[in-house]
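I have placed the structure first, in the form of structure tokens, so that the comments after it can refer back to it.
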Amino acid sequence: MEFIVNKETKTVLITKEFAAELSLVWDAYTKPELLDQWWAPKPFASRAKVLDFEVGGRRFYAMVSPEGLERWVVQKYTSITPKTNFKMFNAFSDADENLELPGSDWDLSFSEHDGTTTVSISIYNESLERLERMVEGGFVEGTKMQLKNLEELLKDLSVNQGAA
Numbered sequence: 034m035e036f037i038v039n040k041e042t043k044t045v046l047i048t049k050e051f052a053a054e055l056s057l058v059w060d061a062y063t064k065p066e067l068l069d070q071w072w073a074p075k076p077f078a079s080r081a082k083v084l085d086f087e088v089g090g091r092r093f094y095a096m097v098s099p100e101g102l103e104r105w106v107v108q109k110y111t112s113i114t115p116k117t118n119f120k121m122f123n124a125f126s127d128a129d130e131n132l133e134l135p136g137s138d139w140d141l142s143f144s145e146h147d148g149t150t151t152v153s154i155s156i157y158n159e160s161l162e163r164l165e166r167m168v169e170g171g172f173v174e175g176t177k178m179q180l181k182n183l184e185e186l187l188k189d190l191s192v193n194q195g196a197a
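Per my numbering, the very first residue in the sequence shown carries number 34; after that it's consecutive.
Take a look at the structure:
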């Protein structure tokens with residue numbers, strides 16, 4: 034996995050390869066029943082209230098701590114090219130979807146080669162202060178844990194898919 038924080042461009046670049054077919058990885062990022070299984074770093078849980086994966090749609094979810102504390106996030110989908118790329122605006126919010134700005138712009142690209150799927154993520158922050166808060170606030174470690182969760186889920190799904 035590659036994880037680069039570039040303060041000059043206010044961007045985080047993440048590249049991760051998965052030993053799974055592209056369609057399975059795409060589904061894990063876009064289907065609520067799969068996304069909530071891996072999105073939160075343990076011991077947190079991801080609980081989506083809304084996931085409308087279409088241009089102009091949104092995902093509204095909470096990161097829930099073991100004590101039940103909720104940290105709400107809104108992701109608004111701005112562009113979707115099926116099984117290739119999607120873009121979204123991401124911002125923290127309250128439980129009523131009132132955004133805490135500034136947010137960040139995410140650009141996720143997917144490609145497959147010989148059964149291995151590569152996901153490349155570019156996260157642009159308009160504010161350097163937000164980028165620094167994000168990175169210092171555990172984003173790097175949390176993301177690494179999330180992607181490990183995804184890797185485990187994809188292994189399970191691949192095994193079950195092969196058994197079907």
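Beta carbons: idealized from backbone N, C-alpha and C, even for Gly.
Own chain residues within Cβ distance below 6 Å of Lys-49, not counting five before or after: Met-34, Val-152 and Leu-180
Closest residue to Phe-119 among Ser-56, Leu-141, Leu-183 and Lys-188 (Cα-Cα distance): Leu-141
Rounded Cβ spacing between Trp-139 and Met-121 (contact assumed at less than 8 Å): 5 Å
Cβ-Cβ separation, Trp-59 to Leu-183 (assumed contact under 8 Å), whole Å: The pair is not a contact, with the Cβ atoms about 12 Å apart (cut-off 8 Å).
Buried or exposed by the 16-neighbour rule on C-beta atoms within 10 Å, applied to Leu-164: buried
Rounded separation between Gly-101 and Ala-81 - CA only: 14 Å
Validate contact between the region 89-96 and the region 105-114 using beta carbons, cut 8 Å, 3 pairs: yes
Limits of the unbroken beta strand (DSSP E) element including Asp-147: Looking at the DSSP string, Asp-147 is not in any beta strand (DSSP E), and its letter there is neither H nor E.
Residue burial classification, Thr-150 (beta-carbon count within 10 angstroms, cutoff 16): buried
Counted within 10 angstroms of its Cβ, other Cβ atoms place Ser-98 as buried (16 or more) or exposed: exposed
Supposed close pair Lys-116, Ser-160 - CB separation, criterion 8 Å: No, Lys-116 and Ser-160 are not in contact; Cβ-Cβ is about 32 Å, not under 8 Å.
Cα-Cα separation between Leu-190 and Ala-53, rounded to whole angstroms: 9 Å
Val-173 to Leu-187 span [Cα, whole Å]: 21 Å
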